[in-house]
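Novice:
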Amino acid sequence: AGLVVSVSPDLVLEAVSPGNSSWITDLNYWRRFSNFIILRLKDSAAEEREKIALYAGGNLVDIPYGITAGVFKRYKEAPERTQCASIIWEAYKPFNYDIDSDGGRIVTVKDILESEKLGVVQIYGLNPGDYIDRMY
272 AGLVVSVSPD LVLEAVSPGN SSWITDLNYW RRFSNFIILR LKDSAAEERE
322 KIALYAGGNL VDIPYGITAG VFKRYKEAPE RTQCASIIWE AYKPFNYDID
372 SDGGRIVTVK DILESEKLGV VQIYGLNPGD YIDRMY
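All residue numbers for the sequence shown refer to this note's numbering, where the first residue is 272 and numbers rise by one.
1) Nearest by alpha-carbon distance to W301: which of D373, A340, L284 is it?
2) Suppose you measure from the CA of I323 to the CA of Y363; what does that come to, to the nearest Å?
3) Give me the residue from S293, G374, S372 with the minimum Cα distance to V332.
4) Are at least three pairs of beta-carbons, each pair with one atom in the region 303-312 and one in the region 387-401, less than 8 Å apart?
5) So, for I338: in the same chain, excluding its five sequence neighbours on each side, which residues have a beta-carbon less than 8 Å away from its beta-carbon?
6) Considering only the alpha carbon of each residue, which of L312, P350, I295, P335 lies closest to E385?
7) Output needed for P335: all residues of its chain with C-beta closer than 6 Å, excluding positions within five of it in sequence on either side, in chain order.
8) Ignore the nearest five residues each way along the sequence and tell me which others in D371's own chain have a CB closer than 8 Å to its CB.
9) Based on the DSSP secondary-structure assignment, which residues constitute the bridge partners of P335?
10) Using DSSP bridges, identify the partner residues of T379.
11) Sorted by chain position, which residues of the same chain lie with C-beta nearer than 6 Å to L282's C-beta, five sequence neighbours on each side aside?
12) Comparing C-alpha positions only, which one of P365, S357, A340 sits nearest to L325?
13) Per DSSP, Y363 forms a beta bridge with which residues?
The structure is reproduced here in structure tokens:
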């Protein structure tokens, strides 16, 4: 999971794997994947989405990866550890958006994908029919 934090240039915040910290990478990195889904916060102004992106890009970089990060979701302004789904959840939480679809103790990529607060903008390499009711 990643979060676009800038356009022009296109930059994405992500937490990739153990031994690494969260970082910002060029969007071109994502073009190597065989499938992806682009989601957008529903019923929100561009300014609100920009605030979330600016917050994430300014506050959620260089956080050590932790496989158990987000197991007991407790929003902190400066999380001690993160993982790919947790960092996305952490970006939205200060703006009162809980994008964990099942509200469980851990947030996963699937939880974010199934969040009713997010709509599908683009799909590549997956069956669009599975997400037709969530398309913009």
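Cβ atoms here follow ideal geometry from the backbone N, Cα and C, with glycine treated the same way.
Specialist: A quick look at the data gives this:
1) For the purposes of this step, residue 301 is identified with residue 30 of the sequence shown, where counting begins at 1. Looking at the Cα atoms, L284 is the closest of the given residues.
2) Locating residue 323 in the sequence shown gives position 52, counting from the first residue. Locating residue 363 in the sequence shown gives position 92, counting from the first residue. Cα-Cα distance, rounded: 6 Å.
3) Here residue 332 is taken as the residue at index 61 of the sequence shown, counted from 1. Of the listed residues, the one whose Cα sits closest to V332 is S293.
4) yes
5) Taking the first residue of the sequence shown as position 1, residue 338 is located at position 67. If we look at I338 and ignore the five residues flanking it on each side, its Cβ neighbours are P289, Q354.
6) Translated into the one-based positions of the sequence shown, residue 385 becomes position 114. Of the candidates L312, P350, I295, P335, the one whose C-alpha sits nearest the C-alpha of E385 is L312.
7) As a working mapping, residue 335 is identified with position 64 in the sequence shown. Closer than 6 Å at Cβ, skipping near neighbours: S292, R352.
8) Walking along the sequence shown from the start, residue 371 turns up at place 100. Once the five neighbours on either side are set aside, the close Cβ partners of D371 are K344, W360, V378, D382, I383, S386.
9) For the purposes of this step, residue 335 is taken as residue 64 along the sequence shown, with counting starting at 1. S292, per the DSSP bridge assignment.
10) Translated into positions along the sequence shown, residue 379 becomes position 108. For T379, which the question treats as bridged, DSSP gives no partner whatsoever.
11) Locating residue 282 in the sequence shown gives position 11, where the first residue counts as 1. Within the same chain, L282 has close Cβ partners V276, I295.
12) For this step, residue 325 is matched to residue 54 along the sequence shown. The shortest Cα separation from L325 among P365, S357, A340 belongs to P365.
13) Taking the first residue of the sequence shown as position 1, residue 363 is located at position 92. Paired residues: none, contrary to the question.
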